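Positions -31 to -1, 1 to 182 (mature numbering (1 follows the signal peptide of the UniProt record, and there is no 0)) are the ones given, in order, by the sequence shown.
For each residue, glycine too, the CB sits at the ideal point set by N, CA and C.
It should be emphasised that the depicted structure is a prediction, and the values quoted were computed from it without experimental measurement.
Have a look at the structure below before the remarks.
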Amino acid sequence: MAKLLPCVVAMVAVVALCNLWLPAFVPPPAGQSLRRGVHMSTAVGAAAVLGAAPAAFADKIDDAATKLSAASYPFLKEIDWTSSVYGSLPNANPVKVLAAINKALVMGASIDSPALKAGVLAHVKAIGNVDSKGMIPLADYEAINAAIGHMVASVPKKQVIDVYNAFADVVKKEEVGTYMQSLVNDADARAAYRAFWEFKDVVASQQHPWPLQ
């Protein structure tokens, strides 16, 4: 459990930030509705076992993580990571928070072991390099993004959707979007969102059917 929790927390952060927060900043890319955006972002976690995937699966996710990290790092640096708002979940219903955490734990328990280990090691290394502003080096950020991509891609799509829906009931994008957008540069937020969209498309394109969806 001690090894599982850091990855689950990171996974939850990605689901909450990318699927709930970033769409609140900006609309989906041209030609794609927000409804499709929400659905497809959950598809990043479509069901596949990482160990059974071909080498190209890992290579493409890693390459996409490099692009995502470079494009979104300016946005990342504008966030006040020392703020208590990210850990306190203001106005959140405690019962719904616990239900969402439970869904995340279920998803975390399904993560492929090698992917989980890589995620833990990436986070441990990054934690050791956190500066006074709560920021980590670009290289560590890239390693974390790649690790999360592999972890999420190794679990059933249904579990990813369950986590998304559970946290959508906790973190209301219509309540936090305007406030969060006021704290960062709009152009950087848009660039980060577009990069995330491309990242999830790459992961989705490498998915393999999960037999128990």
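Note on L85: 16 or more other CB atoms within 10 angstroms of its CB, so buried under the neighbour-count rule. Assignment of S38 by DSSP, reduced to helix, strand and coil, places it in the helix class. Separation of K46 and N154 (C-alpha to C-alpha, rounded to the nearest whole angstrom) is 10 Å. Straight through space, the alpha carbons of V171 and E111 are spaced by roughly 15 Å.
For L90, the enclosing alpha helix (DSSP H) has its first and last residue at 82 to 96. The beta carbon of A160 sits closer than 8 Å to those of A40, S41, P43, F44, all from its chain and outside the five residues before and after it, given in chain order. Cα atoms of D109 and I96: separation of roughly 9 Å, rounded to the nearest angstrom. Cβ-Cβ distances below 8 Å link K94 to D109, A112 in the same chain, with the five nearest sequence neighbours on each side left out; the list follows chain order. For G56, the enclosing alpha helix (DSSP H) begins and ends at 54 to 57. Residues of the same chain with a CB within less than 6 Å of the CB of P106, apart from the 5 flanking positions on each side, are N98 in chain order.
Distance from the CA atom of T51 to the CA atom of G103, rounded to whole angstroms, is 6 Å. Shortest Cα-Cα distance from L152 to any of D49, S38, Y55 involves D49.
D131 and A173 have their alpha carbons spaced roughly 17 Å apart. In this structure, the alpha-carbon of Q128 lies about 15 Å from that of G118. Burial check for P125: the Cβ neighbour count within 10 Å reaches 16 or more, so the residue is buried. In the same chain as I30, and ignoring 5 residues on each side of it, the C-beta atoms closer than 8 Å to its own belong to A115, G118, H119, A122, V171, V172, Q175, in chain order. Counting only the Cα atoms, A69 lies some 11 Å from M76. Note on S101: under 16 other CB atoms within 10 angstroms of its CB, so exposed under the neighbour-count rule. The residue from R163, K169, A73 with its alpha-carbon nearest to that of N134 is A73.
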